[in-house]
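**Student:** Submitted below is the structure of interest, expressed as structure tokens.
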Amino acid sequence: MEGYSKERYSGLGHVPIGIGAIIKGWNIPEEHVKNPDALSVVDFRAMTHACQWNCFHCFTDKLKKTLTLEEIKSIIDQLADLRTKTIDFLGEGEPTLDKDFFDIIEYTAAKGIQPVVFTDGATKLREKAFVKRLYQSGASVCLKCDSLWNKEFQNWVVGDTTGHYFDQRKEALDLLIEEGFAKTTPDGTTRLGFDMVVCKKNVTEVEKTLRYCREHNLWIMFTFYIPAGRSNKPSFDISLSLSKGEKQQVRDIIRKVDEEYGFKHDVMNNFLTCRCLEFMCIYGDGRVAPCVGNETIIGNAKTETITALRKKILERFPIHNPGTFDGYCPYRERF
């Protein structure tokens, strides 16, 4: 560890440098998050619905994108006017497959907004030229991670019958590190991380995975199944979900390990290593919902302004008011 950041971030305060404490884009000051005139982080499924995998717990519905590139840029312009710090690009499918991927990412960065790309990693991020251009854009990358150690389980989660995904993601991870995405920076951020959904089949890997990330300056968010997409359908196998007691054990592991690295923070029920900062979800067809965990459609960005849509969210769901939001996901069990 190389000391602490000078900056203080929402829910975290000063963070240790060099342990992947927070991904670049989510390192937002508390006063900005609480500002009623600002919209800090937005989920935008502005990319293609195409995806070669079939994750059983995917929270997107793989709906075909109908927003044009011009409409997407107009939405980004409006978000810039609302002082949005970060756009999480989730795609309806795999974002890096979108024909306009770099147009969207680079336009976002040019507007002063940090792009964070949530990706399978295995599809395009094994191509050196692609990764180099992505690094030059300034974007951060969050890789899918159900396991860094169990190839059979990881390939099962994504529905990979060829058995290649696990190794392909490792190839992408190595290239991303080589190109500098995990480079240590004075503000305590990293541009590379993992999104790990914790269930009964991988819960024993939490501590090992967290320690690996802390040693390699990689961010990680640990999540539990969210009531959205496939994991909100009657057919979803809830036997994989952790009990409240098991979730508490995960919380305690994270707290113990992070305190060893001098990283003291609240362990909440959403991402466990940081608090939720996302206050709007925009779908590929322009529909808008309060967040990934609340799929209630309140309007469409094709016909309404982002400012008007945000007002409707706050009127209908005051829990989403960042000025009073306590950081806990209202759609997940508290523990």
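Just so you know, our numbering puts 117 at position 132 of the sequence shown, and the rest follows in order with no gaps. Just so it is clear, CB atoms sit at the ideal spot from N, CA and C, and this is done for glycine as well. Source: prediction; values computed, not measured.
So what's E263 in DSSP terms, helix, strand or just coil?
**Tutor:** Strand.
**Student:** Going by other Cβ atoms of all chains shown within 10 Å of its Cβ, with 16 needed for buried, is D28 buried or exposed?
**Tutor:** Counting Cβ neighbours within 10 Å, D28 comes out buried, since at least 16 surround it.
**Student:** Inspect the CB distances between the region 194 to 213 and the region 297 to 313 and report whether three or more fall short of 8 Å.
**Tutor:** No, because fewer than three Cβ pairs between the region 194 to 213 and the region 297 to 313 fall closer than 8 Å, the two stretches do not touch.
**Student:** For the region 246 to 259 against the region 279 to 286, do three or more pairs of beta-carbon atoms, one drawn from each stretch, fall closer than 8 Å, so that the two count as touching?
**Tutor:** No: fewer than three Cβ pairs fall under 8 Å.
**Student:** Is R272 helix, strand or coil when you go by DSSP?
**Tutor:** Three-state DSSP puts R272 in a strand.
**Student:** CB-CB under 6 Å to R272, same chain, minus the five flanking residues each way: which ones, in chain order?
**Tutor:** Hits under 6 Å: I282, N285.
**Student:** Do L227 and V183 have their C-beta atoms within less than 8 Å of each other?
**Tutor:** Yes, Cβ-Cβ distance for L227 and V183 is below 8 Å.
**Student:** L64 and I57: beta carbons closer than 8 Å?
**Tutor:** No, the pair does not count as a contact, with Cβ atoms beyond the cut-off.
**Student:** Could you tell me whether the region 151 to 164 touches the region 93 to 113, where touching means 3 or more Cβ pairs closer than 8 Å?
**Tutor:** Touching, per the Cβ criterion.
**Student:** Skipping 5 residues on each side, what residues in its chain have a beta carbon closer than 6 Å to that of K49?
**Tutor:** Once the five neighbours on either side are set aside, the close Cβ partners of K49 are H34.
**Student:** Would you call the CB atoms of F103 and L82 closer than 8 Å?
**Tutor:** Contact flag unset, no.
**Student:** Taking its Cβ as the centre, do 16 or more other Cβ atoms sit within 10 Å of Q233, making it buried, or is it exposed?
**Tutor:** It is exposed - the Cβ of Q233 has fewer than 16 other Cβ atoms within 10 Å.
**Student:** Can you give me the Cβ contacts of A94 inside the same chain, cut-off strictly under 8 Å, excluding the 5 residues immediately before and after it?
**Tutor:** P100, S122, G123, A124, listed in sequence order.
**Student:** Which two residues bound the contiguous alpha helix (DSSP H) that contains L24?
**Tutor:** No alpha helix (DSSP H) contains L24, which DSSP labels as neither H nor E.
**Student:** Would you kindly report the start and end of the unbroken beta strand (DSSP E) that includes F207?
**Tutor:** Looking at the DSSP string, the run of the beta strand (DSSP E) that includes F207 is 204 to 208.
**Student:** Below 6 Å CB to CB, which residues in the same chain sit around H250 once its five sequence neighbours on both sides are set aside?
**Tutor:** Within the same chain, H250 has close Cβ partners L(-3).
**Student:** Should N306 go down as buried or exposed, given a rule of 16 or more other Cβ atoms within 10 Å for buried?
**Tutor:** Burial call: exposed.
**Student:** Give the DSSP-derived three-state secondary structure of I282 in the structure shown.
**Tutor:** If DSSP states are grouped into helix, strand and coil, I282 belongs with coil.
**Student:** Only counting the same chain, and skipping five residues up and downstream in sequence, which positions put a Cβ closer than 8 Å to that of I304?
**Tutor:** So the list reads F310, P315, once near-sequence residues are dropped.
**Student:** Can you tell me which of the three DSSP states F87 falls into?
**Tutor:** In this structure, F87 counts as helix in the three-state DSSP scheme.
**Student:** Measure the alpha-carbon distance for D62 versus T292 and round it to whole angstroms.
**Tutor:** The alpha-carbon atoms of D62 and T292 are separated by roughly 12 Å.
**Student:** Are the CB atoms of T69 and L24 nearer to each other than 8 Å?
**Tutor:** Their beta carbons are under 8 Å apart, which means T69 touches L24 by this criterion.
**Student:** Go to K129, then tell me how far its beta strand (DSSP E) extends in each direction, as first and last residue.
**Tutor:** K129 -> beta strand (DSSP E) spans 125 to 129.
**Student:** Sort G308, C259, A31, K129 by Cα distance to N20 and report the nearest one.
**Tutor:** N20 has its Cα closest to that of G308, out of G308, C259, A31, K129.
**Student:** Would D131 be called buried (16 or more neighbouring beta carbons within 10 Å of its own) or exposed?
**Tutor:** Label assigned to D131: buried.
**Student:** What are the residues that DSSP puts in a beta bridge with I72?
**Tutor:** Paired residue(s): V27, P100.
**Student:** Suppose you measure from the CA of I267 to the CA of R30; what does that come to, to the nearest Å?
**Tutor:** Taking the straight line from one Cα to the other gives about 6 Å.
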